[in-house]
Structure formats: C-alpha cells, structure tokens
Amino acid sequence: MYFVEKEDRSFAVKPMNCPGACIVYRTAMRSYKELPLRLAEFGMVHRYELSGVLHGLFRVRGFVQDDAHVYCTPDQIEAEVIDCLDMLEKVYKVLGFGVPEIKLSTRPPDRMGSDEIWDKAEGALAGALRNWGKSYREAPQEGNFYGPKLDFDLTDSLGRKWQCGTIQLDFQMPERFGLEYVGKDSGRHRPVMIHRAILGSLDRMIGVLVEHYAGKFPVWLAPTQALLLPVTDKTLPYAKDVEARMRAVGLRVDVDERNEKIGAKIRDGIGRRIPYLLVVGEREAAAGTLSVRPRDGEDRGALPAAEVIEDIRKRHASRALDL
Ligand SMILES: [Zn+2]
Numbered sequence: 002m003y004f005v006e007k008e009d010r011s012f013a014v015k016p017m018n019c020p021g022a023c024i025v026y027r028t029a030m031r032s033y034k035e036l037p038l039r040l041a042e043f044g045m046v047h048r049y050e051l052s053g054v055l056h057g058l059f060r061v062r063g064f065v066q067d068d069a070h071v072y073c074t075p076d077q078i079e080a081e082v083i084d085c086l087d088m089l090e091k092v093y094k095v096l097g098f099g100v101p102e103i104k105l106s107t108r109p110p111d112r113m114g115s116d117e118i119w120d121k122a123e124g125a126l127a128g129a130l131r132n133w134g135k136s137y138r139e140a141p142q143e144g145n146f147y148g149p150k151l152d153f154d155l156t157d158s159l160g161r162k163w164q165c166g167t168i169q170l171d172f173q174m175p176e177r178f179g180l181e182y183v184g185k186d187s188g189r190h191r192p193v194m195i196h197r198a199i200l201g202s203l204d205r206m207i208g209v210l211v212e213h214y215a216g217k218f219p220v221w222l223a224p225t226q227a228l229l230l231p232v233t234d235k236t237l238p239y240a241k242d243v244e245a246r247m248r249a250v251g252l253r254v255d256v257d258e259r260n261e262k263i264g265a266k267i268r269d270g271i272g273r274r275i276p277y278l279l280v281v282g283e284r285e286a287a288a289g290t291l292s293v294r295p296r297d298g299e300d301r302g303a304l305p306a307a308e309v310i311e312d313i314r315k316r317h318a319s320r321a322l323d324l
C-alpha cells in the first residue's frame with residue numbers, strides 16, 4: 002500500500018474497493034427486503050508493486066477495476082452468481098472473446114466459516130455453473146480462506162491465457178465490518194458478500210485487447226475509426242466538412258492536414274491500423290464522394306459520402322467484430 006503522513010495523521014491510498022462497499026452497506030439498518038443489495042463501482046486502486054514486476058499495461062501500480070459487491074442471503078447466492086455469469090458472457094462476447102475457461106476453487110484446509118455455510122456456498126457456485134450450462138474445472142482446496150471462488154481465463158488470438166473476471170464469495174468481510182440485516186424472523190443476520198469483476202482491471206483488459214487484435218481493433222473499439230486524407234490543400238475544406246458530419250453521428254474521426262504526399266499519408270494511416278482511410282481528391286470534393294480504403298480489404302473506390310458515413314456508423318452502433 003501507499004502511505005502518507007499529513008498533520009500527524011496517517012493516510013493510505015486504497016488498494017481495493019471492497020471495504021468502501023461495506024461502509025456504504027453499513028450506512029443504514031438493512032432489511033431482508035433490500036437483499037440482494039448490489040453496489041457497483043469503477044474504482045481506482047493503487048498497489049505498490051515492486052518495480053521488477055511492473056509490465057506494460059498488465060501489471061501497473063494504479064488501475065481501475067470494474068468492481069461490484071453483492072450482499073445477499075445464502076439462499077440468494079446461486080441466482081446472483083447466474084446473473085453475474087450472464088453478464089460476463091455478454092461482455093466477453095461483445096469484446097470478441099470466446100467462452101472463458103472457468104475454474105471453481107473450493108475450501109482450503111485453513112478457513113473460516115462453518116462447514117455448513119461452505120457446503121451451501123460451494124453448492125451454489127457449482128449449481129449456478131450447471132444451470133448456466135458451461136463446463137468448468139474444479140480446483141480443490143484453492144479457494145480463499147474466506148470463501149470459494151470462480152476465476153475466468155480468456156484466450157486471445159494467439160492462444161495465450163489471461164485471467165480477467167472473478168466471482169468470489171466472502172463470509173469474512175461482512176463479519177469484520179459487522180454487517181447485518183433484519184430477517185423475516187425480526188432477528189439479526191449476517192449477509193454473504195459476493196465480489197465480482199468482469200473485466201478485472203480496465204487497464205489490463207485494454208492490454209489484452211491490444212494483444213488480441215494486434216492493434217487492429219474492430220471499428221467500435223478503434224480509438225480513431227476513420228482518417229480523412231485530403232490530397233491537396235484545396236480539398237481540405239471538404240474534408241473538414243465530412244469530418245464534422247461524421248462527428249455529428251458520434252464517430253471518432255480525424256483529418257490528416259499535414260503537407261505530405263498522399264502516398265505518405267496512406268502509409269502512415271495503414272501503420273496506425275485505422276479501420277477506414279478516406280481519400281479526398283478534387284474529383285471526390287466536386288462529386289460529394291469519398292475514396293474508401295478499408296484496413297483489410299479491397300480498395301472500394303469512390304462512394305457517396307453519405308453512404309460511407311452511414312456504413313461506418315452502422316458498424317460502430319452494432320459493435321460489429323469484422324471490418
Ligand atoms: Zn471486493
């Protein structure tokens with residue numbers, strides 16, 4: 002952790018979001034009617050990793066997690082986990098990954114919580130996976146001392162595996178933070194806590210995506226989706242006009258305004274792996290067209306600008322994975 006002393010007080014920069022979620026839970030007396038209570042947070046965390054293990058976007062000292070904490074009764078675990086699994090599948094599919102490899106880690110020899118609650122928790126995770134209908138591998142005794150967990154490995158385009166998402170049950174933190182809810186019986190009970198992250202670290206996921214696509218992002222993920230290349234200064238106003246029209250429909254587009262030969266501009270655009278290079282010569286400017294060079298395909302020649310813009314917009318909106 003990172004610590005700092007100010008005015009005789011010690012502060013620390015948070016390395017995880019979970020305690021914050023517990024404090025939010027504790028701001029009110031909770032009833033069973035409020036459960037499951039789901040708190041989500043894109044939380045920035047800092048961890049003092051040794052300099053020797055820092056590695057690109059994969060291991061950094063400050064990153065953002067797509068974190069969520071679900072507080073529920075033991076009976077609600079299975080349904081909550083199925084919801085998390087559905088969300089996970091949806092997100093990975095949109096990003097262009099296949100079904101992740103799933104690992105279920107069960108009770109270690111040293112653990113907290115009764116066997117009864119472990120039976121229930123492991124049963125709920127296994128039940129959720131069975132209901133979800135995907136195969137998984139069991140890792141006996143590899144669970145956390147505070148609860149069993151599911152881990153998800155993504156395989157990228159080169160067959161490398163990356164651990165991203167996680168769903169962890171936790172019996173300990175609710176106890177440490179004294180979390181309670183009033184049950185149907187009017188008695189006080191302890192909720193179970195589910196930690197879940199789908200992308201894991203956003204920074205790391207961006208690194209995985211860069212590797213997975215080798216920088217050739219689908220249109221909807223590309224930082225610059227199209228680049229307008231005016232052949233001469235004369236066609237710059239037309240290029241600027243098209244740029245404004247594309248931005249107006251939500252596309253990320255730039256104009257290469259440099260005083261370079263068109264061949265050099267095209268080469269640079271290809272090097273930047275931009276999905277669409279749109280060449281604008283005097284003929285295109287006069288006819289209201291664009292000469293389209295998709296990143297991985299045939300030169301499409303001059304097409305009406307409105308048609309080109311609509312085609313790119315549709316791919317962007319539908320999150321198409323092919324170009
Ligand atoms: Zn957590």
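Once you know that position 57 of the sequence shown is 58 in this note's numbering, the rest is easy, because the numbers rise by one and skip nothing.
C-beta: ideal position from N, C-alpha, C; glycine also.
Just so it is clear, the structure is predicted and the values come from calculations on it, not from any experiment.
- Bridge pairing for Ile195: Val71, Leu170 [DSSP].
- Per the CB criterion, closer than 5 Å to any heavy atom of ligand 1, the qualifying residues run in chain order as Cys19, His196.
- Distance from the Cα of Glu90 is smallest, within the candidate group Ile103, Ile78, Glu79, for Ile103.
- Within the model, the alpha-carbon separation for Gln226 versus Ser32 is close to 49 Å.
- Taking Gly216 as reference, the option from Ile275, Arg60, Leu96 with the minimal CA-CA separation is Ile275.
- DSSP places Ser158 in no alpha helix (DSSP H); its state is neither H nor E.
- In this structure Phe64 does not touch Leu155 by the C-beta definition: roughly 17 Å separates them, more than the 8 Å allowed.
- The three-state reading of DSSP puts Asp76 in helix, counting H, G and I together.
- In this structure, the CA atom of Ala307 is about 57 Å from the CA atom of Thr107.
- Under the three-state reduction of DSSP, Thr290 is assigned to strand.
- One alpha carbon belongs to Arg112, the other to Ile271, and they sit about 55 Å apart.
- In this structure, the beta-carbon distance from Leu229 to Asp257 falls below 8 Å.
- Our two residues, Thr167 and Leu180, have alpha carbons roughly 23 Å apart in a direct line.
- Nearest Cα to Phe218 within the set Arg60, Lys241, Pro175, Arg296: Arg296.
- Secondary structure at Arg316: helix, using DSSP grouped into helix, strand and coil.
- By alpha-carbon distance to Ala265, the top candidate from Lys241, Asp68, Pro231, Glu50 is Pro231.
- In this structure, Gln66 keeps its C-beta atom at 8 Å or more from the C-beta atom of Ser187.
- Scanning its chain for C-beta atoms nearer than 7 Å, with the 5 sequence neighbours on each side dropped, one finds around Leu252 the residues Gln226, Ala227, Ile313, Arg314, His317, in chain order.
- In the three-state reduction of the DSSP assignment, Glu181 falls in the coil class.
- A Cβ-Cβ distance of about 7 Å is found for the pair Arg294 and Ile267, placing them in contact under the 8 Å criterion.
- At the C-beta level, Asp68 and Ala249 stay beyond 8 Å of one another.
- In the DSSP assignment, Lys7 falls within the beta strand (DSSP E) that extends over 3-7.
- The beta strand (DSSP E) runs lying completely inside the region 14-73 and spanning 3 residues or more are 38-47, 63-73, given in chain order.
- With a threshold of 16 other beta carbon atoms within 10 Å, Val95 falls short and is exposed.
- Annotated three-state conformation of Gly128 is helix, per DSSP.
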